[in-house]
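Scroll down for the structure; my scribbles are underneath it.
2 protein chains.
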Amino acid sequence: MKTDPLLLRNVRPWGGAVIDVLIENGRIATIAPNQSTTVAVEDGGGAILLPGLVEAHTHLDKSLWGMGWREHQAGPNLRDKIDTERRLRKEWNIEPHRQSMRQALLSLGHGSTAIRSHVDIDTEVGISGLEGVLQTAELLSGQIEIETVAFPQSGLMSRPGTLDLMEQAMQIGADVVGGLDPCGIDADPKGQLDAVFALAEKYGKPIDIHLHEPGELGAFSMEMILDRTLAHGMQGHVTISHAFCLGMPDRDRARALVARLADARIHIATVATPSRPVPLAEDLRTAGVTLCAGSDGIRDTWGPYGNADMLERAMLLGLRNNLRADPDVEHALWCCTYGGAHVMALKDYGIETGCIADLVLVDAESVTHAVVSHPPRRLVLKEGRVVARDGTALTESP
Amino acid sequence: MKTDPLLLRNVRPWGGAVIDVLIENGRIATIAPNQSTTVAVEDGGGAILLPGLVEAHTHLDKSLWGMGWREHQAGPNLRDKIDTERRLRKEWNIEPHRQSMRQALLSLGHGSTAIRSHVDIDTEVGISGLEGVLQTAELLSGQIEIETVAFPQSGLMSRPGTLDLMEQAMQIGADVVGGLDPCGIDADPKGQLDAVFALAEKYGKPIDIHLHEPGELGAFSMEMILDRTLAHGMQGHVTISHAFCLGMPDRDRARALVARLADARIHIATVATPSRPVPLAEDLRTAGVTLCAGSDGIRDTWGPYGNADMLERAMLLGLRNNLRADPDVEHALWCCTYGGAHVMALKDYGIETGCIADLVLVDAESVTHAVVSHPPRRLVLKEGRVVARDGTALTESP
Chain A
168 MKTDPLLLRN
178 VRPWGGAVID
188 VLIENGRIAT
198 IAPNQSTTVA
208 VEDGGGAILL
218 PGLVEAHTHL
228 DKSLWGMGWR
238 EHQAGPNLRD
248 KIDTERRLRK
258 EWNIEPHRQS
268 MRQALLSLGH
278 GSTAIRSHVD
288 IDTEVGISGL
298 EGVLQTAELL
308 SGQIEIETVA
318 FPQSGLMSRP
328 GTLDLMEQAM
338 QIGADVVGGL
348 DPCGIDADPK
358 GQLDAVFALA
368 EKYGKPIDIH
378 LHEPGELGAF
388 SMEMILDRTL
398 AHGMQGHVTI
408 SHAFCLGMPD
418 RDRARALVAR
428 LADARIHIAT
438 VATPSRPVPL
448 AEDLRTAGVT
458 LCAGSDGIRD
468 TWGPYGNADM
478 LERAMLLGLR
488 NNLRADPDVE
498 HALWCCTYGG
508 AHVMALKDYG
518 IETGCIADLV
528 LVDAESVTHA
538 VVSHPPRRLV
548 LKEGRVVARD
558 GTALTESP
Chain B
168 MKTDPLLLRN
178 VRPWGGAVID
188 VLIENGRIAT
198 IAPNQSTTVA
208 VEDGGGAILL
218 PGLVEAHTHL
228 DKSLWGMGWR
238 EHQAGPNLRD
248 KIDTERRLRK
258 EWNIEPHRQS
268 MRQALLSLGH
278 GSTAIRSHVD
288 IDTEVGISGL
298 EGVLQTAELL
308 SGQIEIETVA
318 FPQSGLMSRP
328 GTLDLMEQAM
338 QIGADVVGGL
348 DPCGIDADPK
358 GQLDAVFALA
368 EKYGKPIDIH
378 LHEPGELGAF
388 SMEMILDRTL
398 AHGMQGHVTI
408 SHAFCLGMPD
418 RDRARALVAR
428 LADARIHIAT
438 VATPSRPVPL
448 AEDLRTAGVT
458 LCAGSDGIRD
468 TWGPYGNADM
478 LERAMLLGLR
488 NNLRADPDVE
498 HALWCCTYGG
508 AHVMALKDYG
518 IETGCIADLV
528 LVDAESVTHA
538 VVSHPPRRLV
548 LKEGRVVARD
558 GTALTESP
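First to last, the protein sequences are chains A and B. For the first sequence, the residue numbers in my numbering are 168 to 565. For the second sequence, the residue numbers in my numbering are 168 to 565.
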């Protein structure tokens, strides 16, 4: 899409000195003070300029956003939540296209310009959820980039027929092969992981596996993922989401796993869940493992929380990891921007000359202040075009 | 203070049916539908009516709110934070009266109508911090109730002269005797706790002790507090703040401690710290121990987080405790309202006929929705008088 040039005046890239940023052809053309121009101008008033926030782990097909308040019905276990969701999806008509439009536009209002969304594939909905989210991705193209993960939420090996549906999902355009808890949900770690890696190899796509399994069980599954990543030459193309096992009490054991992750260039996606053990941001950073972050489900049948604000997620990541010094809190925001961009392999991402102009303006005194206060986003640009203002996407939500 | 009568029309007490609430002489006079009236009317538009939020654990004398962004300087240990704070208090002129005014009015804007604030007493500031906060309490009387805890942050036994200052603090009007980590900070648990309980007995005041000590060390100190609570007949008048030891991995040991707390009617105050073990809301509730909550320090030399919003704190409490069902999330809000009111022994608190009209209006579909979305408070009343509107206190901040 052709976009008109735009001069962002008086902005502070990543909290630095006030400067002007000229955008041409959807990219950052010039970063220099006091630029004179004949093109359209947006005055940033000294606001902080960030690269577009990256929502690297969510479920666009599941949110109840905009459907009126519904009381939580699921029992305490993972299985309860999966089964309750499959039931309510029909009873409540949680329509994936409509709901993904709502959540994606909510995200955009909060300054996310890219989303990786897992989308349920199972023997009840088949690939219809994915079709709905792909329709959203198409409709919102040029406003927000949506990457889809074919996600066998209800089990892959334990629900015959799901693997065929996963294959169909890849054929109609899923970007990533998903998986989950190969022991805890499928009770067939070899079967599931072999299938997931085979599919990824066949379609030349990356992998993103939910791993809720705690402690040694999760470590066992993680080691199987590590082995296959190396065997298939998938270094740099595999993400493990949640990875609760890395929060195990035995820190030496966890750090040894982290070292292997670094070696295999496997990424970690976290929600910074306050009630569960989680991978420690500091351990991953020290080892050179990329950590990205996401909102997970937003106000869905799994729980009532979430608002798709990745600046608030950076705050939760900071709180969960006890990050207090400014450079450490900034690293939490790095995970919610550059970290996610790395995991999604977004090209020319950042706030340097030549980068694609996916940008967010936030009124704050410093980057850490932006994280802890996360005020409504003043302006959001996608490829140089204004797509949201004052916390709200310009495209109306259905 | 005499207040004019006021009719709150179209409000939903604790998320119930739409009704009108007539306030006379600062109290709730009539709760009934479709009341006709000649008095002033505020139309709630179907908003949820809550009792005033209670900020039950904070430090009004320490916030940097409104002082411009300052980079975090403290090292990782508790001692580093205490020593850094004592240094910066002077260097940055963190003036307790001005800063407590700012934070208290911020709280009020978010709907808190009562605050329990610990205030540092030490051999450098003496009781001057307390004098500043007492001045704020006096100035804001009728808008927000501020209870002060004389808090020996830098140590009681280990800093000779502090005990005399604590005594002076009680004489000039501190409401509660404070303490902290009798092992970890003072290395004299018997000395500190005997002194704290003696002071409380002499002045007929309740006790609130910070207990960061983890695991068995914290359990040891907690048992010493339990013994003294029974020996001094202080049941119902002692609060333990943080109580990280109750988050110990040995749940049976923790539950045995909780049973003793219930027996001694000791209350727990929590911040729901995501990075530390914390007392579990469910264990305390089951045992009948009152749990209240607070923001702890807000944007101070200890850390950059916090905004004094007790609805957001209820969300963090829910996230930390993995509360998902609506009644469970409502209990998190109970802790931030009724729980705090119980701990502070607020009289005639609630939304029943005859209660003092400390009330908050929130635009939300349900109580759980109010917690997870925590939108700006539409209206805040203190003793029937409008003191904040649309998220901001009517009294201007210094």
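By construction, the Cβ of each residue, glycine as well, lies at the ideal position given by its N, Cα and C atoms. The model shown is predicted, which means the values in this text are computed figures rather than measured ones.
Just the chain B side, please: which residues come within less than 8 angstroms of A:Gly461 by C-beta, in chain order? The sequence position of residue 461 of chain A within the first sequence is 294, counting from 1. Neighbours of A:Gly461 on chain B: none; closest Cβ ~15 angstroms, over 8 angstroms.
Please state whether DSSP places B:Pro549 in a helix, a strand or coil. Position 382 of the second sequence, counted from the start, is the residue given in the question as residue 549 of chain B. Rather than Pro, the amino acid found at residue 549 of chain B in this sequence is Lys. If DSSP states are grouped into helix, strand and coil, B:Lys549 belongs with the strands.
Using DSSP with H/G/I as helix, E/B as strand and the rest coil, what is A:Pro218? Against the first sequence, residue 218 of chain A aligns to sequence position 51. DSSP places A:Pro218 in strand when its eight states are reduced to three.
Option nearest B:Leu366 by Cα separation, candidates B:Leu393, B:Gly351, B:Leu332: For the purposes of this step, residue 366 of chain B is taken as residue 199 along the second sequence, with counting starting at 1. Answer by Cα proximity: B:Leu332.
Please confirm whether A:Thr566 and A:Asp375 have their CB atoms less than 8 angstroms apart. The first residue shown for chain A is 168 and the last is 565, placing residue 566 of chain A beyond what the model contains.
Contact set for A:Gly382: own chain, Cβ-Cβ below 7 angstroms, skip 5 residues either direction: Along the first sequence, read from residue 1 onward, the residue named residue 382 of chain A stands at position 215. The answer, listed in chain order, is Cys412, Met415.
Same chain, Cβ closer than 6 angstroms to B:Asp530, five either side skipped, listed in chain order: Along the second sequence, one-based indexing puts residue 530 of chain B at 363. Correct list, in chain order: Ala214, Pro542, Arg545.
Please check the pair A:Leu447 and A:Cys502, which I expect to be a contact at CB under 8 angstroms, by giving their CB distance rounded to whole angstroms. The residue you call residue 447 of chain A lines up with position 280 of the first sequence. The residue you call residue 502 of chain A lines up with position 335 of the first sequence. About 12 angstroms separates the two Cβ atoms, so there is no contact after all.
For a cutoff of 8 angstroms on Cβ pairs, would you count B:Trp181 as touching chain A? In the second sequence, the residue the question calls residue 181 of chain B occupies position 14. Nearest CB-CB separation between B:Trp181 and chain A: not below the 8 angstroms threshold.
How long is the line joining the alpha carbons of A:Val456 and A:Leu272, rounded to whole angstroms? Within the first sequence, the letter at position 289 stands for residue 456 of chain A. Within the first sequence, the letter at position 105 stands for residue 272 of chain A. The alpha-carbon atoms of A:Val456 and A:Leu272 are separated by roughly 30 angstroms.
Checking 8 angstroms against the spacing of the C-beta atoms, do A:Gly296 and A:Val286 come in under that value? The residue labelled residue 296 of chain A in the question sits at position 129 within the first sequence. The residue labelled residue 286 of chain A in the question sits at position 119 within the first sequence. The Cβ atoms of A:Gly296 and A:Val286 lie closer than 8 angstroms to each other.
Proximal residues of chain A, C-beta to C-beta of B:Gly470 below 8 angstroms: By one-based count along the second sequence, residue 470 of chain B stands at place 303. Per Cβ cutoff of 8 angstroms: Arg491.
Tell me, please, whether the segment 473-492 of chain B touches the segment 426-441 of chain B by the rule of three or more beta-carbon pairs shorter than 8 angstroms. Taking a cut-off of 8 angstroms for Cβ pairs, the segment 473-492 of chain B and the segment 426-441 of chain B touch, as three or more such pairs fall below it.
Counting only runs that start and end within the segment 377-426 of chain B, where is the alpha helix (DSSP H) found for 4 or more residues in a row? Every unbroken stretch of the alpha helix (DSSP H) spanning 4 or more residues and falling wholly within the segment 377-426 of chain B is given here in chain order: 382-398.
Could you tell me which uninterrupted beta strand (DSSP E) segments, each at least 3 residues in length, are contained entirely in the segment 464-552 of chain B, listed from first to last along the chain? Correct list: 526-529, 546-549.
Member of A:Leu175, A:His404, A:Glu479, A:Glu305 whose CA lies at the smallest distance from the CA of A:His536: Here the question's residue 536 of chain A lines up with position 369 in the first sequence. That would be A:Glu479, whose Cα lies nearest to the Cα of A:His536.
Closer than 9 angstroms, Cβ to any Cβ of chain B: which residues of the segment 520-544 of chain A, in chain order? Only those residues of the segment 520-544 of chain A whose C-beta falls short of 9 angstroms from the nearest C-beta of chain B are listed: Ala531, Glu532, Ser533, Thr535, His536, Val538, Val539, Ser540.
Counted within 10 angstroms of its Cβ, other Cβ atoms place A:Arg114 as buried (16 or more) or exposed: Lying before the first or after the last residue shown, residue 114 of chain A is absent from chain A, which here runs from 168 to 565.
Taking the alpha carbon of B:Leu528 as the reference point, which residue from B:Gly517, B:His498, B:Arg556 has its own alpha carbon closest? Counted from its first residue, the second sequence places residue 528 of chain B at position 361. The shortest CA-to-CA distance from B:Leu528 to any of B:Gly517, B:His498, B:Arg556 is the one to B:Arg556.
Would you mind sorting B:Ser462 into buried or exposed? The rule is 16 or more other CB atoms within 10 Å of its CB. Here residue 462 of chain B refers to the residue found at position 295 of the second sequence. Flag for B:Ser462 reads buried.
What is the DSSP secondary structure of A:Glu449, reduced to helix, strand or coil? Sequence index remark: in the first sequence, residue 449 of chain A carries index 282 (1-based). A:Glu449: helix per DSSP, three-state reduction.
Specify the secondary structure class of A:Glu314 as computed by DSSP and reduced to three states. Residue mapping note: residue 314 of chain A aligns to position 147 of the first sequence, counting from 1. Strand at A:Glu314.
Could you give the residue range of the alpha helix (DSSP H) that holds A:His264? Numbered from its first residue, the first sequence carries residue 264 of chain A at position 97. Here the alpha helix (DSSP H) through A:His264 covers 263-276.
Could you give the distance in angstroms between the alpha-carbon of A:Met268 and the alpha-carbon of A:Glu258? As a working mapping, residue 268 of chain A is identified with position 101 in the first sequence. As a working mapping, residue 258 of chain A is identified with position 91 in the first sequence. The alpha-carbon separation between A:Met268 and A:Glu258 amounts to approximately 20 angstroms.
From B:Leu174 to B:Ser533, what distance separates their C-alpha atoms? As a working mapping, residue 174 of chain B is identified with position 7 in the second sequence. As a working mapping, residue 533 of chain B is identified with position 366 in the second sequence. Answer to the nearest angstrom: the Cα atoms are 22 angstroms apart.
Check B:Thr329 in the structure and name its three-state DSSP category. As a working note, residue 329 of chain B is residue 162 in the second sequence. B:Thr329: helix per DSSP, three-state reduction.
Say whether chain B places a C-beta atom closer than 8 angstroms to the C-beta of A:His226. To locate residue 226 of chain A, count along the first sequence from 1; it is residue 59. No, its Cβ sits nowhere closer than 8 angstroms to a Cβ of chain B.
Can you tell which of B:His498, B:Leu330, B:Ala492 has the C-alpha that lies nearest to the C-alpha of B:Ala460? Your numbering for residue 460 of chain B matches position 293 in the second sequence. Closest by C-alpha distance to B:Ala460, out of B:His498, B:Leu330, B:Ala492, is B:His498.
Residue burial classification, B:Asn474 (beta-carbon count within 10 angstroms, cutoff 16): Translated into the one-based positions of the second sequence, residue 474 of chain B becomes position 307. Classification of B:Asn474: buried, given that the 10 Å Cβ count is 16 or more.
Among all the DSSP beta bridges, which residues are the ones paired with B:Pro180? As a first step, residue 180 of chain B is located in the second sequence; it is residue number 13 there, counting from the start. Paired residue(s): B:Leu216.
Where B:Arg452 and B:Ala426 are concerned, what is the direct C-alpha to C-alpha distance, given to the nearest angstrom? The sequence position of residue 452 of chain B within the second sequence is 285, counting from 1. The sequence position of residue 426 of chain B within the second sequence is 259, counting from 1. Their Cα atoms are separated by approximately 11 angstroms.
Mind checking B:Ala435: buried by the 16 CB within 10 Å criterion, or exposed? As a position in the second sequence, residue 435 of chain B is number 268, starting the count at 1. Reading off the sequence, residue 435 of chain B comes out as Ile, not Ala. Burial call: buried.
What's the gap between the Cα of A:Arg253 and the Cα of A:Ala281? As a position in the first sequence, residue 253 of chain A is number 86, starting the count at 1. As a position in the first sequence, residue 281 of chain A is number 114, starting the count at 1. Whole-angstrom Cα-Cα distance: 27 angstroms.
Taking any Cβ of chain B, which residues in the segment 412-439 of chain A have a Cβ under 9 angstroms from it, in chain order? Cβ contacts with chain B come from Pro416, Ala439.
Nearest to A:Met309 by alpha carbon, out of A:Leu561, A:Lys549, A:Thr559? The residue labelled residue 309 of chain A in the question sits at position 142 within the first sequence. The question names Met, but residue 309 of chain A in the sequence shown is Gly. Considering only alpha carbons, the answer is A:Lys549.
According to DSSP, simplified to helix, strand and coil, what is B:Thr440? Taking the first residue of the second sequence as 1, we reach residue 440 of chain B at position 273. DSSP places B:Thr440 in the coil class of the three-state scheme, outside both helix and strand.
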